[in-house]
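**Q** Dropping the structure in here first, questions after.
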Amino acid sequence: MTTPFTTRFAPSPTGRLHRGHAFSALTAHDAARAAKGRFLLRIEDIDVTRCRPEYEAAIHEDLAWLGLEWEQPVRRQSEHLAEYQTAIEALAERDLLYRCFRTRREIAEAIASAPHGAMETWRGSPLPADDEARRLAAGEAFAWRLSLDKALAKVGPLTFVEEGSGPSGESGVITVQPHLGGDVVLARRDVGVAYHLAVTLDDALQGVTHVIRGEDLFEATHVQRLLQALLGLPAPVYRHHRLLTGPDGRRYAKRDQAQTLAELRAAGVTSQALRAEMGL
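Throughout the sequence shown, residue numbering follows our numbering, covering 731 to 1010 in sequence.
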């Protein structure tokens, strides 16, 4: 039986949606409709410090205003922490992870102080057993990091298929370069999972055949393809799209307080007019 074309839109409820979100959601939705396939909505709410129920409700409201329809039930990452933990344990048992006690600030300072080009991304190693035991006993926070060297020893050369375009025009069959991500964080003590592992498992468990998202996530594909190989998961086709930019040439972003869809709606803008503005 042929697997139906399946794609998703996966926002985080950390603020209101803006034009950039609308473009990504509509692009994925239109692709699924053209292929007579499935369109899924996934709520990526593992960041417990920033995610809010009111933002999640607003996502549904905004997408409905855009005219989108999606399958039920909606997958919420916060309801599947046990699945992520099982994957973490499986990787740890294979000695592919190590505990990293450095803070983000310490790592940023270490990268900044390294010779130019020598440490673009973090690469570490496990602490000596007695030192690690002491830190654990003291209750120090840590993150589970993927040991890139050990992971690469487990898999051969990898590729992924890019139907869209990366930030430098990359397309077609792309050779995976896992070093671009370094020893990425897969879980933290306070949050059971981090982005790369959660999204990789979610796509596999939901039967996603085509990942359609902005080109700013193109680089993330390299480490996610590596995780797929390590966990024995299928590799979807990727289709990265251009990013919308405002009059100042900067891409729309929550942190820059980009005009929200709710504000556009209140100003009398219709979803049809927004589509036309975006060239959809």
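Just so you know, even glycine gets a beta-carbon here, dropped at the ideal spot from N, CA and C.
1) Measure the C-alpha to C-alpha separation of VAL923 and GLN815 and round it to an integer number of angstroms.
2) Alpha carbon to alpha carbon, how far is LEU991 from GLU791?
3) Compute the Euclidean distance between the alpha carbons of LEU973 and THR951, then round it to the nearest angstrom.
4) Residues in the same chain with beta-carbon distance under 8 Å from TRP795, minus the five sequence neighbours each way, listed in chain order, please.
5) Looking at the unbroken alpha helix (DSSP H) that takes in VAL953, where does it start and where does it end?
6) Could you tell me the boundaries of the alpha helix (DSSP H) in which GLY767 lies?
7) Which full runs of the alpha helix (DSSP H) of 4+ residues lie inside the region 877-939, going along the chain?
8) Identify the continuous alpha helix (DSSP H) that holds ARG1005 and give its terminal residues.
9) Report the option in THR744, LEU957 and GLY750 whose CA atom is closest to the CA atom of ARG980.
10) Can you list, in chain order, the residues of its chain with a C-beta nearer than 6 Å to that of LEU738? Leave out the 5 residues immediately preceding and following it.
11) Which value, in whole angstroms, describes the spacing of the CA atoms of PRO977 and ALA988?
12) Identify which residue in THR905, ASP913 and ALA863 has its Cα closest to the Cα of SER877.
13) Does the distance from the CB of GLY894 to the CB of ARG875 come in under 8 Å?
14) Quick one: Cα of GLU945 to Cα of HIS971, how far?
15) Is DSSP giving GLY750 helix, strand or coil here?
16) How about CYS781 and PRO741: are their beta carbons less than 8 Å apart?
17) Take the Cβ of GLY1009 as the centre, count every other Cβ of all protein chains shown within 10 Å, and call the residue buried at 16 or more, exposed below.
18) Would you decide whether PRO966 is buried or exposed? Buried here means 16 or more other CB atoms lie within 10 Å of its CB.
19) On a CA-only basis, which of VAL929, LEU963 and GLY911 is nearest SER808? Give me that one, please.
20) Go through its chain and collect everything with a Cβ distance to VAL906's Cβ below 7 Å, but skip five positions before and after it.
21) Leaving out five residues on either side along the sequence, give the residues of the same chain with a beta carbon under 7 Å from the beta carbon of ASP933.
22) What's the gap between the Cα of PHE735 and the Cα of ARG768?
23) Taking the CB atoms as reference points, tell me whether LEU960 and LEU826 lie closer together than 8 Å.
**A** Result, derived from the coordinates:
1) VAL923 and GLN815 have their alpha carbons spaced roughly 7 Å apart.
2) 10 Å
3) If you take the alpha carbons of LEU973 and THR951, they lie about 17 Å apart.
4) Excluding sequence neighbours, TRP795 sits near LEU991, ARG995 and SER1001.
5) 950-961
6) Run containing GLY767: none; DSSP gives neither H nor E here.
7) Unbroken alpha helix (DSSP H) stretches of 4 residues or longer found wholly inside the region 877-939: 878-884 and 925-935, given in chain order.
8) Note, ARG1005: alpha helix (DSSP H), 1001-1008.
9) GLY750
10) Inspection of the sequence shows that residue 738 is occupied by Arg rather than by Leu. Contacts found: LEU770, ARG772 and VAL938.
11) Their Cα atoms are separated by approximately 11 Å.
12) ASP913
13) no
14) 5 Å
15) helix
16) Going by C-beta atoms, CYS781 is not nearer than 8 Å to PRO741.
17) exposed
18) buried
19) VAL929
20) LEU888, THR889, PHE890, HIS952, ARG955 and LEU956
21) VAL941 and PRO966
22) 6 Å
23) In contact: LEU960 and LEU826 (Cβ atoms closer than 8 Å).
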